[in-house]
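**Student:** From first to last, the protein sequence lines stand for chains A and B.
Residue 100 in my numbering is what sits at position 71 of the first sequence, and the numbering runs on without skipping anything.
Residue 127 in my numbering is what sits at position 90 of the second sequence, and the numbering runs on without skipping anything.
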Amino acid sequence: MNVLLDNLDIFVTGFRNTLIMFFASGLIALVLGTIVGSFRVSPVAPMRALGTIYVNLVRNTPLTLIFFFFVFGYPKLGLPRADYIVLAIIALSLYTATYVAEALRSGINTVPLGQAEAARAIGLTFGQSMTLVVLPQAFRAIIPPLMNVFIALLKNTTIAAGFSVLDAGAIRAYLSERGEPQLVVLLWVAVIFIALAALLSWAQRALEKKWRLAR
Amino acid sequence: MRKKWSVAIVATAAAAALTLAGCAQGAPPSAGGGDASEPPKDLYTVADNVDLTGSPTYDKAKAAGKITVGVKEDQPNLGFLDAATGKRSGFDIEIAKWIAASLGFSEKQIEFKAIPSANRESAIVNGDIDYYVGTYSITDARKQQIDFAGPYFVTGQGLLVKKGNTEIKSEKDLAGKTVCSATGSTPIQNIKANFPDTKTTEFDTYSQCVDALNDGSVDAVTTDEAILIGYAAQAPDDLEVVGKPFSTEKYGVGLPKGDSALRHFINKTFTDGSEVWTGIYDATLGASGTKVDQPEVDDYQ
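1. Between B:142, B:114, B:240 and B:163, which lies nearest to residue 322 (chain B) when the distance is taken from Cα to Cα?
2. Considering just the uninterrupted stretch of the alpha helix (DSSP H) at residue 49 (chain A), what are its terminal residues?
3. Just the chain B side, please: which residues come within less than 7 Å of residue 193 (chain A) by C-beta, in chain order?
4. Looking only at its own chain, which residues have a Cβ that is under 6 Å from the Cβ of residue 173 (chain A), when we skip the five neighbours before and after it?
5. Using a cut-off of 8 Å between C-beta atoms, extract the partners of residue 179 (chain B) located in chain A.
6. Any idea which residues DSSP pairs residue 196 (chain B) with across the strands?
7. For residue 232 (chain A), count neighbouring Cβ atoms within 10 angstroms of its own Cβ and tell me buried if that reaches 16, exposed if not.
8. Quick check on the DSSP output: the beta strand (DSSP E) that includes residue 211 (chain B) runs from which residue to which?
9. Using a Cβ-Cβ cutoff of less than 8 Å, which residues in the same chain neighbour residue 210 (chain A) once the five nearest sequence positions on both sides are dropped?
10. For chain A, is any of its Cβ atoms less than 8 Å away from the one on residue 158 (chain B)?
11. If distances are taken between C-alpha atoms only, which option among B:233, B:161, B:249 and B:251 comes closest to residue 205 (chain A)?
12. What did DSSP end up calling residue 60 (chain B) once you bin it into helix, strand or coil?
13. In whole angstroms, what is the alpha-carbon distance linking residue 158 (chain A) and residue 81 (chain A)?
14. On the DSSP letters alone, give me the boundaries of the alpha helix (DSSP H) that residue 134 (chain A) sits inside.
15. List, from N- to C-terminal side, the alpha helix (DSSP H) runs of 4 residues or more that fit wholly inside the region 205-234 of chain A.
16. Closer than 7 Å, Cβ to Cβ, to anything on chain A: give me those residues from the region 220-231 of chain B, in chain order.
17. Under the rule that 16 or more other beta-carbon atoms within 10 Å means buried, what is residue 52 (chain A), buried or exposed?
18. Just how far apart, CA to CA, sit residue 60 (chain A) and residue 207 (chain B)?
19. Per DSSP, what kind of secondary structure is residue 169 (chain B) in: helix, strand or coil?
20. Would you identify the three-state DSSP class for residue 272 (chain B), choosing helix, strand or coil?
21. Less than 6 Å between C-beta atoms, sequence neighbours within five positions excluded: which residues of the same chain meet that for residue 71 (chain A)?
22. Here's the rule I'm using: 16 or more other beta-carbon atoms within 10 Å means buried, otherwise exposed. How should residue 209 (chain B) be labelled?
23. Any beta carbon from chain B within less than 8 Å of residue 201 (chain A)'s own beta carbon?
24. With a threshold of 16 other CB atoms inside 10 Å of the CB of residue 187 (chain B), please say whether the residue is buried or exposed.
25. Which class does residue 125 (chain B) belong to by DSSP, given the choice of helix, strand or coil?
26. Out of B:167, B:159, B:138 and B:195, which one is the CA nearest neighbour of residue 93 (chain B)?
27. Could you check what DSSP says for residue 244 (chain B) in three-state terms: helix, strand or coil?
28. Take residue 332 (chain B) and list the residues in its own chain whose beta-carbon comes closer than 6 Å to its own, dropping the five residues that flank it on each side.
29. Suppose the cutoff is 7 Å on Cβ atoms and the five residues either side in sequence are ignored; what does the same chain contact list for residue 207 (chain A) look like?
30. Would you check if the region 288-305 of chain B and the region 266-276 of chain B touch, i.e. whether three or more CB-CB distances between them fall below 8 Å?
31. Below 8 Å on the Cβ atoms is my contact criterion, and I expect residue 340 (chain B) with residue 259 (chain B) to pass it. Report the Cβ-Cβ distance as a whole number of Å.
32. In whole angstroms, what separates the C-alpha of residue 67 (chain B) from that of residue 111 (chain B)?
33. For chain B, check one thing: does any of its Cβ atoms lie closer than 8 Å to the Cβ of residue 72 (chain A)?
34. Tell me whether residue 175 (chain B) sits in a helix, a strand or coil according to DSSP, three-state version.
35. Below 7 Å between beta carbons is the criterion; list the residues of the region 298-327 of chain B that meet it against any residue of chain A, in chain order.
36. If you draw a straight line from the alpha carbon of residue 140 (chain B) to that of residue 159 (chain B), how long is it in whole angstroms?
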């Protein structure tokens, strides 16, 4: 307990940055992933191709490499400097969006084709039939896989520790320098992560209950 | 889908673990190899009659016929591994070889292991290495977990900037600047605590900081001056060390806690071997012509 209380400053800063990254990139990934997911089921071939290329390119690249690109490659392009936490959020968002898109596509596939056909039959455009008919049903079906994605995102944020963001993954380096036993430090980090993930699982159950689909 | 997921999660977890374990340690050093300057071969001999009893670390190494030494490998002139030739060089490496020789282990019986800063205590506590020689500052907090022989070198926190930088002349000019050091290291914690107007950047290794300095994303690199001098010596046209050290760091040899016999033995080696020390220093860190006296060891009880 002392390890936690004596170094509360580092723990609080670390997990605050972890949560900032989690919420910011979670939100961006949700929006971007929805757009890309829609691209992947779009009736327009070039859009479908674009979505497929993006998902396959980014999802199949290790997250660490994406971080390397943004943290070490980006500054060499001579563009305006950005905070490392902003670069980390961009990297995490782009990566997580591919998983959101795939989860969403699987959800869209659970919506019977008749629904989309009916929407088109009453004269809705592709955009309208997606936002009004298909996506609302798809989102309900994908809550469990989506929460999986977000729990993975929560833990993926620790990679930013290697790229100049003082997050939960960097706590160990700080406290080892202060002479704390590392195993205890890592146990505390793990306990907090498990608690945060448990919160997400609880949110998943609550949402599943609320949006239960009667079919 | 489920299968895909488990694979994805394992892959992400592995990537995360790699990063946490300091994967950047495997990244190639930015500049070319350091000069593999070595002290003369006859400076010391491998002891064949070692008078050391009651040291579990020594007994274990003797039984195994080899000794495992933790070092750094990205610090030119201190602890450096030339990726092309596989040759290790530097002051810390030579000190490590000298200790091994005094314990009766020849160079071939030494197994070097590169351990990044943040993992040093656990590597010693877990017995992965027999002793650690690599810019390891003696602090009271660390003495809770391990023991230190030495000190064998004294330095302090310094600043490395691009050559011709007119704005940063000492630590007093850091307001509004961005300074880089190893994640969570004492120098970066010092900057955060005592220079609140200074922005900080942290990477796993100093070589990544030097990269960032070269491409202009940070204004200065800070850590122990001895390390910075090594980088400046590698690229004298691009980098320079400015100001005077603004802290005191005493480098010791990290040992398992409680192995007093080995600690007294190494301390005695240091005390009796001032000529060897000078010979090693002159061939490595002192190659640029600087003269430093060997610090007195602190043979605490």
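Note that the Cβ used here is the ideal one computed from N, Cα and C, for glycine as well.
**Tutor:** So, from the listed chains and residues:
1. Among B:142, B:114, B:240 and B:163, the Cα nearest to that of residue 322 (chain B) belongs to B:114.
2. DSSP places residue 49 (chain A) in the uninterrupted alpha helix (DSSP H) bounded by 37-69.
3. Residues of chain B passing the Cβ test: 238, 239 and 240.
4. none
5. 208
6. B:259 and B:279
7. exposed
8. Counted as a single uninterrupted DSSP element, the stretch harbouring residue 211 (chain B) is not any beta strand (DSSP E), since DSSP gives it neither H nor E.
9. 32
10. Yes - at least one Cβ of chain A is within 8 Å of the one on residue 158 (chain B).
11. B:161
12. Unreliable positioning characterises residue 60 (chain B) in this predicted model, as indicated by a pLDDT of 40, which lies under 50. A coordinate reading is not provided.
13. 21 Å
14. In the DSSP assignment, residue 134 (chain A) falls within the alpha helix (DSSP H) that extends over 113-139.
15. none
16. 220, 221, 222, 223 and 226
17. exposed
18. 47 Å
19. strand
20. coil
21. 77
22. exposed
23. yes
24. buried
25. strand
26. Closest in alpha carbon position to residue 93 (chain B), among B:167, B:159, B:138 and B:195, is B:167.
27. It is helical.
28. 188 and 191
29. 36
30. Remark: fewer than three beta-carbon pairs, one from each stretch, lie closer than 8 Å, so the region 266-276 of chain B and the region 288-305 of chain B are not flagged as touching.
31. This structure cannot speak to residue 340 (chain B), because chain B is shown only from 38 to 338.
32. Residue placement at residue 67 (chain B) is poorly supported in this model, since its pLDDT is 37, which falls under 50; the coordinates are not used for a value here.
33. no
34. coil
35. none
36. Their backbone Cα atoms lie some 24 Å apart in a straight line.
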